[in-house]
Amino acid sequence: MNAPETSFDALLEQAAVRLEPRLVAWRRDFHANPELGNREVRTAKVVADHLRALGFDAVREKVAHTGVVGVLKGGRPGPVVALRADMDALPVSEEVDVAFRSTARAQWNGLECGVMHACGHDAHTAILMGIAEAFAAMRDRIPGTVKFIFQPAEETPPLGENGGAKMMIEEGVLKNPDAGAIFGLHISSSFRTGFVGARPGPSMASADDFRISVQGTQTHAAMPWRGVDPIVVASQIVMGLQTVVSRRMNLTKEPSIVTVGVFRGGVRHNIIPDEVKLEGTIRTYDEEQRAEIHEHVKRISEMIAASGGARAHVHIHKWYDVTVNHPELTAWSMPVLARIAGPQNVGEIDKICGAEDFSFFQQQIPGVFFWVGCTPPDRDPDTAAPNHSPRFYVDEKCLGIGLRTLGGLALEWLAANA
Ligand SMILES: [Zn+2]
Ligand SMILES: [Zn+2]
């Protein structure tokens, strides 16, 4: 009689222990050598070399500029599951005092800047490399195929360039072989290390930016009646925009946000300028509300400007759609996560106002995007520096948890659908 096979959970637990030093080394290497969106050349090479050394069936490079896609066929028949990690860093100058601190500098949209993995994508890439290694070692047991997607430019590509998840999809990453589901994770300092959370349905916001140019007529500041003051008109527009969410949206359905982050105009105290430029962001959790808000922002700006004798030109750029976790797949995932990470460590989380281009994958196939805490026990997640901060700090204990949870969901899904 054969001995019972070791469970996938146990195999991944062993792998997480065995690979921990490598996970940490990869993450620190990426952290010390961060690369901005569409410039992840070194990172992509490290990833592709690793996948090839593991004997992957296919390793495709330069997908959406610098992306890498690896395919690992298991020894047993079954469906195809995709796992995604993002690889890009941010134009942030690191202030964390660690030996592998980033001192990298680069150009971002024409400006010289520091570069830092301030969103934890170094950890995501290391975790997915670890899963690749763990899966390669147990490939005979895997019922199906695993597609490893290492994505560039999640934090948006540089101005004037395409990239990210949308471009990877256009280049066919979910096809041939066709993936039936996709899973991805994000680490966050808002949660303690050990915590794993997700939310069914709309869980991260859509993100769009708007630019409004308010055209007045320049004149002497002591004779405002001789011109049209765009500073006063733009101020009225800022106040008018406060009514979009508070008075026009059904807040019982979903929350939404309209923020003006830039108000720029004028050069001297005694000149009323010709023009004021406003910029801001729109966040929603519902595509219908998103379209409505776009209309309101445009109409309020144009009509207020007209009432003051000025003109407003509104341009709205759509970035990422709402990240919608597939409800049934999320409901299926939660007990799997609880079994792996411990029921006391897994929970449903609040909506997150950030945006993710993982949303584009989820429009193609069922997908779940979940969160893994990275704030160590001696710090408070409520006051820890958030993702994107120059002081964003990662407790590397999250790496093994990421490997076990993301890898575990993939294996469990393959087994359940084989
Ligand atoms: Zn980010
Ligand atoms: Zn991120």
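Numbering-wise (the working numbering), the sequence shown opens with residue 221 and increments by one.
Beta carbons are placed, not taken as given, at the ideal position from N, Cα and C, and that holds for glycine.
Taken in chain order, the whole beta strand (DSSP E) runs of length 3 or more contained in the segment 542-612 are 543-545, 566-568 and 587-595. DSSP places Q327 outside any alpha helix (DSSP H); the residue lies instead in the beta strand (DSSP E), whose first and last residues are R325 to W328. Looking at R359, D342, G290 and G298, the one whose alpha-carbon comes closest to that of H608 is D342. Counting only the Cα atoms, H337 lies some 15 Å from V261. In this structure, H608 has its beta carbon less than 7 Å from a heavy atom of ligand 1. Nearest Cα to G400 within the set A636, A638, R611 and P586: P586. Judged by the Cβ position, H341 qualifies as a neighbour of ligand 2 at the 7 Å threshold, a heavy atom of the ligand being closer than this. Residue nearest to E576 within the set A230, E332 and A305 is A305 (criterion: CA-CA distance). Taking a cut-off of 8 Å for Cβ pairs, the segment 446-457 and the segment 421-438 touch, as three or more such pairs fall below it.
With a contact defined as Cβ atoms closer than 8 Å, V496 and R484 qualify at about 7 Å. The beta carbon of D449 sits closer than 6 Å to those of G436 and I492, all from its chain and outside the five residues before and after it, given in chain order. A distance criterion of 7 Å places the beta-carbon of E548 beyond contact range of ligand 1, judged by its closest non-hydrogen atom.
Contact between G417 and F590 holds, since their C-beta atoms are separated by about 7 Å, short of 8 Å.
Contact check for T439 and P372: beta-carbon distance about 49 Å, past the 8 Å limit, so the pair fails to qualify. If you draw a straight line from the Cα of A425 to the Cα of H514, it is about 15 Å long.
For E314, the Cβ stays outside the 7 Å cut-off from all heavy atoms of ligand 2. For E375, the distance from the CB to the nearest heavy atom of ligand 1 is below 7 Å.
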